[in-house]
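Peer 1: Shown below is the structure under consideration.
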Amino acid sequence: MRYPSFITRNDTIGVTAPSEGIVKEKELIRLDNVKKNLNNLGYKYIETKNVRQNKMGRSADAKIRAEEFMQLWNNKEVSAIIMAKGGDFLAEILDYLNFDEICKGEIKWIQGYSNITVLTFLFTTILDIATIYGPNIKSYGMISLYKNLIDSIKIMEGKNVVQESFCKCEDKENKYNTNAPLAEYELTVDSLWKSLKGEDSLNFRGRSIGGCMDDIINIIGTKYDFVKQYINKYKSDGILWFLEVYEMSSSQVFRNLWQMKNAGYFDNCIGILFGRPLFIREDYEMKFHEAVLEALKDLNIPIIYDVDIGHIAPQMPIVSGGILDVSYENGKGKIQTFFK
Numbered sequence: 624m625r626y627p628s629f630i631t632r633n634d635t636i637g638v639t640a641p642s643e644g645i646v647k648e649k650e651l652i653r654l655d656n657v658k659k660n661l662n663n664l665g666y667k668y669i670e671t672k673n674v675r676q677n678k679m680g681r682s683a684d685a686k687i688r689a690e691e692f693m694q695l696w697n698n699k700e701v702s703a704i705i706m707a708k709g710g711d712f713l714a715e716i717l718d719y720l721n722f723d724e725i726c727k728g729e730i731k732w733i734q735g736y737s738n739i740t741v742l743t744f745l746f747t748t749i750l751d752i753a754t755i756y757g758p759n760i761k762s763y764g765m766i767s768l769y770k771n772l773i774d775s776i777k778i779m780e781g782k783n784v785v786q787e788s789f790c791k792c793e794d795k796e797n798k799y800n801t802n803a804p805l806a807e808y809e810l811t812v813d814s815l816w817k818s819l820k821g822e823d824s825l826n827f828r829g830r831s832i833g834g835c836m837d838d839i840i841n842i843i844g845t846k847y848d849f850v851k852q853y854i855n856k857y858k859s860d861g862i863l864w865f866l867e868v869y870e871m872s873s874s875q876v877f878r879n880l881w882q883m884k885n886a887g888y889f890d891n892c893i894g895i896l897f898g899r900p901l902f903i904r905e906d907y908e909m910k911f912h913e914a915v916l917e918a919l920k921d922l923n924i925p926i927i928y929d930v931d932i933g934h935i936a937p938q939m940p941i942v943s944g945g946i947l948d949v950s951y952e953n954g955k956g957k958i959q960t961f962f963k
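See below:
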């Protein structure tokens with residue numbers, strides 16, 4: 624696994640919008656505060672031309688979005704790239720990215736979640752480059768940065784961060800109701816990790832891969848699907864999947880996991896972490912965890928759900944491609960990352 628150089632103070636963090644751009648007034652105010660917060664942490668800030676543009680769910684056409692990503696990737700002053708936001712159309716830029724060029728020279732950290740999975744997942748499975756599945760740049764505009772945001776920067780700095788499960792999380796029913804542009808997370812719901820098969824405690828370690836399942840499912844069988852090669856290469860480490868869902872019905876969750884399993888995605892798997900799903904329609908009175916159990920009960924591996932990953936904040940930054948050591952006991956958990 625290739626790990627980017629760790630960032631240091633006075634380095635530049637670049638922001639680009641390979642999927643949707645930022646145009647809502649509250650989000651623009653928040654974005655303006657990002658530079659201040661990153662400066663206070665000791666980092667410089669730049670953004671590409673179309674971060675503050677959006678038309679039909681895209682910051683620009685596919686070729687331009689790819690070019691703007693490559694501008695930051697090839698900029699020797701930029702040490703890390705954090706994406707503006709997710710969306711639905713990032714996959715369009717893949718045919719305009721030069722993967723050979725990306726592998727040449729110095730590699731750098733990229734970070735984002737949701738639709739940004741398309742980049743973080745493919746950089747790791749195709750290019751053997753570790754990435755961070757974690758907060759998009761908007762979150763860094765809140766008045767006081769929450770622990771998960773600081774942890775993400777610390778991970779990119781190469782510091783030893785042991786992430787413990789959070790006490791509280793957002794209420795997904797009120798996730799988008801705040802009117803304050805610089806508001807911090809509103810954490811009102813108890814955050815409890817759960818073992819799918821009811822174990823009181825679990826501990827497992829493996830080479831990680833994952834992201835938003837809504838996007839991963841679209842990669843299966845395409846020319847960008849190198850998952851089997853990845854899991855075979857690292858089978859001696861054991862593969863540790865982390866997955867989360869933005870919007871699906873419970874029957875879709877079952878079908879998508881069935882497809883992944885029968886595509887060989889869970890070969891050599893030693894455990895799975897599922898983040899808290901955001902929008903789930905419970906078809907057939909089947910809950911999310913019941914759909915997961917029905918699809919994967921024959922794998923005979925530890926599976927933990929409602930982990931602090933994904934669309935319901937606060938979200939732990941997860942190093943995709945790193946070695947993760949996961950421990951769980953009675954509703955709480957820890958994740959430690961090793962750059963091996």
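Going by this note's numbering, the first residue of the sequence shown is number 624, and it counts up by one from there.
All C-beta atoms, glycine included, are put in the ideal place defined by N, C-alpha and C.
Any idea what DSSP makes of V638, helix, strand or coil?
Peer 2: Counting from one through the sequence shown, the residue named residue 638 turns up at place 15. V638 falls in the strand class under three-state DSSP.
Peer 1: Would you list the one or two residues that DSSP bridges to I669?
Peer 2: Start at 1 with the first residue of the sequence shown, and residue 669 comes out as number 46. For I669, which the question treats as bridged, DSSP gives the partners G637.
Peer 1: Can you tell me whether S775 is buried or exposed, with buried defined as 16 or more other CB within 10 angstroms of its CB?
Peer 2: The residue you call residue 775 lines up with position 152 of the sequence shown. So S775 counts as buried.
Peer 1: Would you mind sorting Y808 into buried or exposed? The rule is 16 or more other CB atoms within 10 Å of its CB.
Peer 2: Counting from one through the sequence shown, the residue named residue 808 turns up at place 185. Y808 comes out buried.
Peer 1: Quick one: grab the DSSP three-state call for A707.
Peer 2: The residue you call residue 707 lines up with position 84 of the sequence shown. The answer is coil: DSSP assigns A707 none of H, G, I, E or B.
Peer 1: So which of R625, S818 and T748 has the shortest CA-CA distance to Y853?
Peer 2: Taking the first residue of the sequence shown as position 1, residue 853 is located at position 230. Looking at the Cα atoms, T748 is the closest of the given residues.
Peer 1: I'd like the list of long-range same chain contacts for N891, defined as Cβ closer than 7 Å, with 5 residues on each side in sequence excluded.
Peer 2: By 1-based counting over the sequence shown, the position of residue 891 is 268. These residues qualify, in order along the chain: I854, K858, G861 and I862.
Peer 1: If you reduce the DSSP assignment to three classes, tell me which class S767 lands in.
Peer 2: Sequence index remark: in the sequence shown, residue 767 carries index 144 (1-based). The answer is coil: DSSP assigns S767 none of H, G, I, E or B.
Peer 1: Roughly how many angstroms separate the alpha carbons of K731 and G709, rounded to a whole number?
Peer 2: Position 108 of the sequence shown, counting from 1, holds the residue named residue 731. Position 86 of the sequence shown, counting from 1, holds the residue named residue 709. Roughly 20 Å separates the two Cα atoms.
Peer 1: For the 8 Å Cβ check, are there 3 or more pairs between the region 783 to 799 and the region 659 to 666?
Peer 2: No, the region 783 to 799 is not in contact with the region 659 to 666.
Peer 1: Around the C-beta of T845, are 16 or more other C-beta atoms found within 10 angstroms, so that it is buried, or is it exposed?
Peer 2: Working through the sequence shown from its first residue, we reach residue 845 at position 222. Under this definition T845 is an exposed residue.
Peer 1: Any idea which residues DSSP pairs K955 with across the strands?
Peer 2: Along the sequence shown, read from residue 1 onward, the residue named residue 955 stands at position 332. Answer is E952, bridged to K955.
Peer 1: In or out: L742 buried (at least 16 other Cβ within 10 Å) or exposed?
Peer 2: Position 119 of the sequence shown, counted from the start, is the residue given in the question as residue 742. It is buried - the Cβ of L742 has at least 16 other Cβ atoms within 10 Å.
Peer 1: So the candidates are S872, F911, S873 and A918; which of them puts its Cα closest to the Cα of K884?
Peer 2: Residue 884 sits at position 261 when you count from the first residue of the sequence shown. Closest by alpha carbon: A918.
Peer 1: For the beta strand (DSSP E) containing W816, list its first residue and its last residue.
Peer 2: As a first step, residue 816 is located in the sequence shown; it is residue number 193 there, counting from the start. Looking at the DSSP string, W816 is not in any beta strand (DSSP E), and its letter there is neither H nor E.
Peer 1: Check each candidate in K777, N738 and L901 and name the one with the smallest Cα separation from S873.
Peer 2: On the sequence shown, residue 873 is found 250 positions in, with the first residue counted as 1. Ranking the options by Cα distance to S873, first place goes to L901.
Peer 1: What would DSSP say about Q676, mapped onto helix, strand or coil?
Peer 2: Counting from one through the sequence shown, the residue named residue 676 turns up at place 53. Q676: coil per DSSP, three-state reduction.
Peer 1: Give me, in chain order, the residues of the same chain whose beta-carbon lies closer than 6 Å to that of F827; leave out the 5 immediate sequence neighbours on both sides.
Peer 2: Position 204 of the sequence shown, counting from 1, holds the residue named residue 827. Around F827: I893, G894, P925 and V949.
Peer 1: Can you tell which of D711, R653, E729 and G644 has its C-alpha closest to the C-alpha of E691?
Peer 2: Counting from 1 along the sequence shown, the entry for residue 691 is found at position 68. Minimum Cα distance to E691 is reached at G644.
Peer 1: How long is the line joining the alpha carbons of D751 and F849, rounded to whole angstroms?
Peer 2: The residue you call residue 751 lines up with position 128 of the sequence shown. The residue you call residue 849 lines up with position 226 of the sequence shown. Straight-line Cα distance between these residues: approximately 10 Å.
Peer 1: Going straight from the alpha carbon of D837 to that of H934, what length do you get?
Peer 2: Indexing the sequence shown from 1 puts residue 837 at position 214. Indexing the sequence shown from 1 puts residue 934 at position 311. Roughly 12 Å between the two C-alpha positions.
Peer 1: For T754 versus S702, is the C-beta spacing smaller than 9 Å?
Peer 2: Within the sequence shown, the letter at position 131 stands for residue 754. Within the sequence shown, the letter at position 79 stands for residue 702. Going by C-beta atoms, T754 is not nearer than 9 Å to S702.
Peer 1: Relative to the C-alpha of I705, which residue among G637, S818 and D813 is closest?
Peer 2: If you number the sequence shown from 1, residue 705 lands on position 82. Checked all of G637, S818 and D813; the closest Cα to I705 is G637.
Peer 1: My understanding is that K903 touches F911, with C-beta atoms under 8 Å, so please give their C-beta distance in whole angstroms.
Peer 2: Working through the sequence shown from its first residue, we reach residue 903 at position 280. Working through the sequence shown from its first residue, we reach residue 911 at position 288. Correcting the residue type first, residue 903 is Ile in the shown sequence and not Lys. With 8 Å as the limit, I903 and F911 qualify as a contact, their Cβ atoms being about 5 Å apart.
Peer 1: If the criterion is Cβ atoms closer than 9 Å, does the pair P804 and I652 meet it?
Peer 2: Along the sequence shown, one-based indexing puts residue 804 at 181. Along the sequence shown, one-based indexing puts residue 652 at 29. Closer than 9 Å, so yes.
Peer 1: Check for me: the alpha helix (DSSP H) holding F877 runs from which residue to which?
Peer 2: Along the sequence shown, one-based indexing puts residue 877 at 254. F877 -> alpha helix (DSSP H) spans S873 to N885.
Peer 1: For I935, report the span of its beta strand (DSSP E) as first-last.
Peer 2: Within the sequence shown, residue 935 is the residue found at index 312, counting from 1. It is not in any beta strand (DSSP E) - I935 carries neither H nor E in the DSSP assignment.
Peer 1: Pick helix, strand or coil for R899, following the three-state DSSP scheme.
Peer 2: For this step, residue 899 is matched to residue 276 along the sequence shown. Coil.
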